[in-house]
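Worksheet: one structure, shown below.
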Amino acid sequence: VESVIVAIDGPSGTGKSSTSKAVAAKLGLSYLDTGAQYRAITWWMIDNGVDVGDPAAVADAAGKPVIVSGTDPSHPTITVDGVDVSGPIRTQEVTSKVSAVSAVPEIRARITDLQRSIAATAPHGIVVEGRDIGTTVLPDADLKIFLTASPEARAARRAGEIKGADVAATREALVRRDAADSSRKTSPLAKADDAVEVDTTDLTLQQVIECVVTFVEEKR
Ligand code: C5P
242 VESVIVAIDG
252 PSGTGKSSTS
262 KAVAAKLGLS
272 YLDTGAQYRA
282 ITWWMIDNGV
292 DVGDPAAVAD
302 AAGKPVIVSG
312 TDPSHPTITV
322 DGVDVSGPIR
332 TQEVTSKVSA
342 VSAVPEIRAR
352 ITDLQRSIAA
362 TAPHGIVVEG
372 RDIGTTVLPD
382 ADLKIFLTAS
392 PEARAARRAG
402 EIKGADVAAT
412 REALVRRDAA
422 DSSRKTSPLA
432 KADDAVEVDT
442 TDLTLQQVIE
452 CVVTFVEEKR
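Take the sequence shown: its position 170, counted from the start at 1, is 411 in the working numbering, and no numbers get skipped.
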């Protein structure tokens, strides 16, 4: 079986993570959640008292933490300086601050290097999910997918994952984060020209997975 590199981008709540993990597991590929890496570095900044609202302070601290991503799709852990932060990176606080941290060019340069080396050493190929994978991190990926869905569908999915979450507030936070991610100068959230766009609004997760698996198989 030939090695294959798959880039899956799109805004939050489109099913990127669930789809990417399932496709990787199904096809025996490694898996990388690049959002988790940006969340991990954001978690470290907060934990170490770095003012995340100050791009110069964030840039200064960019090289300090050692972030290690597990690439097994069934156990995608992430550690910072040896501490497993897979849980802590999902808090509201990290979620609300990650866009500011990930907009800093020094942070992106550092994380992008890490992502490229992980992709280059994946034994059977890899599914990499994020915002700028097809455009910037892996422009030569064998397959690029761009997932979309209506803001209502995305908010409903996200709110469904969090106990007691309010759909309207979730939708507002999500739209705000997308706007920040899409408008930053360095490698914003964008669809690559050669990416296949899949609108998941009216599809089940199973249908999206099957759709992507079919695309990958056509490339192998
Ligand atoms: O995918 P997830 O919602 O966990 O991503 C968290 C944040 O990390 C995004 O809102 C974005 O600010 C940043 N990110 C990024 N580039 C990527 C992946 C995520 O800037 N490739």
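Don't be surprised by glycine CBs; every beta carbon is placed ideally from N, CA and C.
These numbers come from a predicted model, not from an experiment.
Closest by C-alpha distance to residue i, when choosing among the options
i	options	result
S340	A266, A263, L444, R280	R280
P296	P346, T332, H316	P346
S261	V453, A433, K460	V453
A350	D373, M286, A363, G254	D373
I282	V342, V264, S424	V342
K267	E459, E451, N289	E451
V293	R395, L446, K338, I352	K338
Y272	A300, V326, R357	R357
V437	I352, P429, V449, G276	V449
V291	V335, Q447, R412, T455	V335
D288	R417, G276, L270, D322	D322
T377	E402, L430, V408	L430
I319	Q278, I352, T332	Q278
T332	E402, V457, R412	E402
D435	D325, M286, D383	D383
G522	E243, K432, S315	Not covered by the structure: residue 522. The range shown for the chain is 242 to 461.
A298	V326, I348, D250	I348
D354	L270, T275, Q447	T275
D250	T411, P314, L379, L270	L379
D301	A265, A409, M286	M286
Expected contact under 8 Å - CB spacing of residue i and residue j to nearest Å
i	j	result
W284	P317	About 16 Å; that fails the 8 Å criterion.
A263	V369	Contact doesn't hold; Cβ gap of about 15 Å is too wide.
T312	I386	At roughly 19 Å, the Cβ-Cβ gap does not stay under 8 Å, so T312 and I386 are not in contact.
K460	V245	6 Å
T455	A344	35 Å between Cβ atoms; not a contact.
R425	P252	Going by Cβ atoms, the distance from R425 to P252 rounds to 14 Å, so no, they are not a contact pair.
S406	A400	The sequence shown places Ala at residue 406, not Ser. Right, the Cβ-Cβ distance comes to about 4 Å (below 8 Å), so this counts as a contact.
Residues sharing a beta bridge with residue i, DSSP
i	result
V272	At residue 272 the sequence reads Tyr, which differs from the Val that was named. Answer is V368, bridged to Y272.
I386	I249, V437
S310	I319
V378	Answer by DSSP bridge pairing: none, since V378 is not bridged.
D325	T320
- Message: Check whether the stretch 384-404 and the stretch 436-446 are in contact - that is, three or more C-beta pairs closer than 8 Å.
- Response: yes
- Query: Pairing CB atoms from the stretch 297-312 with CB atoms from the stretch 247-259, are three or more of them under 8 Å?
  - Reply: no
- Item | Touching by the beta-carbon criterion (3+ pairs, under 8 Å), the stretch 411-424 and the stretch 351-369 | no
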